[in-house]
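K.L.:
In my numbering, the protein residues as written are 481 to 734. Every residue gets a Cβ at the ideal spot worked out from N, C-alpha and C, and that includes glycine. From a predicted model like this one, the values you see are computed outputs, not experimental measurements. Starting off with a structure, shown below.
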């Protein structure tokens, strides 16, 4: 038996265009890496459009609540700075609302992973154990993370509370405040005017809506940090998965 016969790959294997100048170790590594299609295109489009709209909402919401002195650049009849800011806020809010209802629809017609955003399996003992494991992993107390095709249990919990419940709260209170301008009997008043009555007055709704914005901001910061951290330290892809829809794994261990 020749030395070439004992090698896992021949020179011809190493020269194929797919792998370029890959060595035997490189080819073995390719066999270790696997991928699974997870997120369909409506989920991915919703994610990025929603992220942009929420960013616009947070920035414009800040200026609506706390206008800078520089906003007083002329008489109200000669400038419309706050008007444009409010328009951007309302438009982004409507995009978030339509997108959220579209996302709910896709949870019913999409694949299994499209449903994960809208529930947390609190009845599963194993799920709670994995939540604890993920907490330990993010606290640098676990040596090696687990593999997950969809969201890990801790991320699923955060998504449910901050996106499913949090976004529902922000949409309802936002439309309630918008109904003040559209008037009684309008679409906004019919759909969300009751929220003003529920809280007592519009000033309270303004305050809780603004407070909700800060919860969303904190969530976005943690979410971006966790996504980048997992891309570097975990055993699967993260950021690229929400672009391509495919989850890639870095090893073939369980």
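(1) On the CB-based measure, 16 or more other CB atoms within 10 Å of its CB, does residue 514 come out buried or exposed?
(2) Return yes when the Cβ of residue 653 is within less than 8 Å of the Cβ of residue 697, no when it is not.
(3) Name the DSSP beta bridge partners of residue 596, please?
(4) Do residue 613 and residue 622 have their C-beta atoms within less than 8 Å of each other?
(5) Are there three or more Cβ pairs, one per stretch, closer than 8 Å when the stretch 517-532 is compared with the stretch 574-590?
(6) Measure the CB-CB distance between residue 544 and residue 575 and report whether it falls below 8 Å.
(7) Do the stretch 665-672 and the stretch 626-642 touch if we need at least three Cβ pairs shorter than 8 Å?
(8) Starting from residue 727, trace the beta strand (DSSP E) in both directions and tell me its first and last residue.
(9) In the DSSP assignment, what are the bridge partners of residue 516?
(10) Give the secondary structure of residue 559 by DSSP, where H, G and I count as helix, E and B as strand, and everything else as coil.
(11) Per DSSP, what are the beta-bridge partners of residue 716 in this structure?
(12) Assign residue 523 to buried or exposed, taking buried as 16 or more other Cβ atoms, counted over all protein chains shown, within 10 Å of its Cβ.
(13) Rounded to a whole number of angstroms, what is the C-alpha to C-alpha distance between residue 731 and residue 712?
P.N.:
Taking the coordinates as given:
(1) exposed
(2) no
(3) DSSP output for residue 596 lists no bridge partner at all.
(4) yes
(5) yes
(6) no
(7) no
(8) 726-729
(9) 727
(10) coil
(11) 729
(12) buried
(13) 14 Å
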